[in-house]
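See below for the structure under consideration.
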Amino acid sequence: GKELQEGKELLKSGTIDLSLLDEAVERMCTKLMYTFPNCLSMTIHSLRKKKLEHWDKNKETSREWLALNMMTEAKAGFRAFNEGPKDNREVDFVRLRQLLAEGHEWNDDLIREISPQYKVKD
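Note that the sequence shown ends on residue 267 in my numbering; no numbers are left out.
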């Protein structure tokens, strides 16, 4: 109701002060700057070792899945978020499932059907 609308207006008028975060990041980066570059690289690689081991064990299936996903779900989702209206940046998940159940193929027509940026405004 009215209180919700007033709250939204208040949020719109506000600002976010990121200066403390900026200062903290700057301090951390400065600390890293005062280290040997090769030692820093080795430390980062050592910290990432488990992640890299996991990637090496799964890279074939992960790469295939990512390629397929970027042509379908991610393509629709990213476009809805980037191009959709500010108050509606998600695809219509229910309609997506209905269309897929009906055998509709993933293509631009399906994306237009489920994406908010293509909906006609009343």
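Glycine included, every Cβ here is placed at the ideal spot set by N, Cα and C.
With DSSP collapsed to three states, give me the class of residue 164.
helix
Buried versus exposed call for residue 260 [16 or more other C-beta atoms within 10 Å across all chains shown]
buried
Nearest-angstrom beta carbon gap, residue 177 and residue 185 [assumed within contact, 8 Å]
6 Å
To which residues of the same chain is residue 210 closer than 7 Å at the C-beta, ignoring the five residues directly before and after it?
none
Taking the straight line between their C-alpha atoms, what separation do you get for residue 189 and residue 199?
About 16 Å.
Tell me which residues share the same chain as residue 241 and place their Cβ nearer than 7 Å to its Cβ, disregarding the 5 neighbours each side in the sequence.
259
Leaving out five residues before and five after residue 236 in sequence, what residues of the same chain have Cβ atoms less than 7 Å from its Cβ?
221, 222, 225, 259, 260
Cα-Cα separation, residue 157 to residue 146:
17 Å
Taking the alpha carbon of residue 228 as the point to measure from, which residue in 257, 217, 248 has its own alpha carbon closest?
257
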